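Heads up, the sequence shown is in my numbering, so the first residue is 52 and it goes up one at a time.
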Amino acid sequence: MDIKRAKQEIEHAVKAYLAVDDTGTPLIPPIRQRPILLMGPPGVGKTQIMEQIAQECGIALVAYTITHHTRQSAVGLPFIRHRNFGGADRSVTEYTMSEIIASVYDKMEQTGLEHGILFIDEINCVSETLAPTMLQFLQCKTFGNQAVPAGWVIVAAGNPPEYNKSVRDFDLVTLDRVRRIDIEPNLAVWQEYARAHRLHPAVQAYLELRPQHFYRIQNDVDGPQFVTARGWEDLSAMLTACTKLDLPVDEALIGQYLRHPEVARDFAAYWELYKKYRQDYGVEDILQGRPFAAVLERAQKAAFDERISLVSLLLAGLNTRFAAARRADAVTDACYQEMRSFKRTLNNADPAQDGFVPAAVFAAQVNVYADHLTAQKAAGTLTGEELAVVTTASALLHAWVAALDPALDRDAAFDAVRTSFNAQVRKREDAVGLAGDALESAFDFMESAFADGQEMVVFVNELALGPDSAAYLADNECERFETYSKRLLLHSGQDDILAELQRDDIRQGEHSMEF
């Protein structure tokens, strides 16, 4: 199955394993809660879905790559304890707590969460001395003589033998005690993930054009040559950083992530063209509403790859603006909640009481907000997007505190905070307006260049699917988006759309990419 279906299976297992009846008894007895064994090629996303599941289910996650551990760290170190058996003193070997089990308890203490997932990666690639321990772990849910705490779901992962020479086969007894899920790479599922996690648009556009390059593993005389989903995601992060810092990107750098010379060379050529298209077409000028007549004819006559790349560039520019508007909106909402809380506190307080200083009250409230943020960061319970929002909101609130005159009375202090808040509301409105203007300008160009062609289908479809664009359009009306959504085949398969575009180019004799 694909990674999306596997994620659903694990989420369902977590919910079923943790569910209890009215008496607090687990619906599935612990002895029947089979560990889940994920088997699939490297870099397909097994670890990432564990993080997503834990966050979405509101539980903790402890992840270990077991090949980094010895038997002593997994089981614990031996020590001698003196015991009395049958009236005689005996020396008995016992073990300190397993490092892995101790990490589970540490995570529970850090996060305050009693339930979680213990994820053990590369479980079938352990050393000879650790192999029996791993079999015992899967069969009995223990490391040595220490059990995994109640309320923790065990998930293990491994690679099939064709990908790793050190793989060990599990015996029938072990397999009969686990739920095995076999995973295969799937581009369409990965593209959903890529959109949701805002991977670099060049990577997304390239894989729409070259789906056969998404996941490739083969052996050559020079050793294994491979491209994995992990490689594309890591390359995406590097491209984003290099673009922001104006650092060079060449085939050598790309080849460090895409370990297949043919694919690395092909993407490096595409990357150069992608940058060239951005400059040649003046994408930012288009989105800012400047005249585009000079590039219109080229766009209409362009080959398939170039047209799709242009659409991707327009979407990338829009999504940057949508993301800014979405973040400004979230920050404003967070600040609004704090302002309301301040208002309630002022209304409920007796202004005649000794030492009542509204500015000090607001400062104390903002410090509580900052402390809560610090605790969430330490526990790792925030997504990157959530962390950016609350960090920005916290900085804004502290700035408002610094500007608040301690001599102000209750009404004047609240008016001062409200003035600061209104300035943030205007920033949000500006961000929303910039995004809306850019969207209208993009539609102006798309209508002039491609009218009702399949390029418009791709454009509108991606607007509907992108996390930032979809959120923006849900809150802000765009008449042309609604019109095209109804007129075109919204949410139709991207593969069908791209295939039709390719057929058009073949008929026109323009299908080759000029690398």
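Even glycine gets a Cβ: it sits at the ideal position worked out from N, Cα and C. Just so you know, these numbers come straight off a predicted model, no measurement behind them.
Beta-carbon contacts of residue i that lie in its chain and below 7 Å, excluding the five residues immediately before and after
i	result
Leu448	Cys386, Glu389, Val417 and Tyr420
Thr383	Gln475, Val476 and Arg479
Glu102	Leu112
Ser149	Ala125, Val126, Gly127, Phe194, Gly195 and Gln197
Tyr266	Pro236, Val278, Thr279 and Ala280
Ala500	Leu347, Ala350 and Gln351
Other residues of its chain near residue i: CB distance less than 6 Å, five sequence neighbours each side excluded
i	result
Val143	Arg132 and Arg134
Gly306	Ala315
Val441	Leu424
Gln59	none
Val65	Cys108 and Val204
Euclidean distance between Cα positions of residue i and residue j
i	j	result
Ala426	Trp283	33 Å
Ile54	Tyr244	10 Å
Phe170	Ala182	17 Å
Ala515	Asn370	12 Å
Ile205	Glu160	19 Å
Thr118	Ser471	54 Å
Ser536	Leu286	33 Å
Ile151	Ala114	9 Å
Asp456	Val468	10 Å
Val362	Ala489	14 Å
Arg56	Arg231	13 Å
Ser543	Asn512	With a pLDDT of only 49 at Ser543, under 50, the local geometry of the prediction cannot be trusted, and the value read off the model is given with reservation. Those two C-alpha atoms are separated by around 8 Å.
Leu615	Gln404	This structure cannot speak to residue 615, because the chain is shown only from 52 to 566.
Leu438	Gln84	34 Å
Leu186	Gly209	13 Å
Asp336	Ala292	23 Å
Met52	Met90	10 Å
Asn527	Asp157	45 Å
Pro81	Tyr68	8 Å
Arg395	Leu304	56 Å
Ala444	Asp356	42 Å
Lys295	Lys326	13 Å
Ala379	Ala454	21 Å
Beta-bridge pairing of residue i - partner residues as DSSP gives them
i	result
Gln276	Gln269
Leu88	Ala207 and Arg231
Ile131	Thr144
Gly167	Ala111 and Trp203
Phe194	Gln197
Pro77	Val71
Thr116	Asp172
Ala139	Phe136
Arg310	Phe277
Residue i and residue j closer than 8 Å at C-beta
i	j	result
Phe194	Thr180	no
Glu506	Arg372	no
Leu364	Val334	yes
Asp317	Arg261	yes
Ala253	Trp322	yes
Arg219	Asn270	no
Val229	Pro86	yes
Thr381	Ala482	Note that residue 381 is Ala in the sequence shown, not Thr. Not closer than 8 Å, so no.
Phe465	Phe393	yes
Leu338	Ser492	yes
Ile168	Ile104	yes
His27	Ile110	Beyond the ends of the chain as shown, which are 52 and 566, falls residue 27; an answer cannot be given.
Pro299	Gln276	no
Leu397	Ala207	no
Leu324	Ser360	yes
Thr98	Glu173	no
Arg246	Gly435	no
Val155	Pro200	yes
His251	Leu258	no
Val452	Ala414	yes
Chain D contact for residue i (CB, 8 Å cutoff)
i	result
Trp322	Judged by its chain identifiers, the structure shown contains no chain D, having just a single protein chain.
Cβ neighbours of residue i in the same chain (closer than 8 Å, five flanking residues each side left out)
i	result
Arg377	Asp519, Ala522 and Tyr523
Ala400	Phe407, Val412 and Arg461
Thr432	Gln106 and Thr162
Ala70	Pro77, Leu78 and Ile79
Tyr146	Val126, Gly127, Leu128, Pro129, Phe130, Gly195, Asn196 and Gln197
Leu485	Arg372, Ala375 and Ala376
Checklist entry - Using 8 Å as the threshold, is the segment 492 to 510 in touch with the segment 411 to 430, meaning 3 or more CB pairs across them? => result no
Checklist entry - Is the segment 88 to 104 touching the segment 231 to 239 in the sense that three or more CB pairs, one from each, lie closer than 8 Å? => result yes
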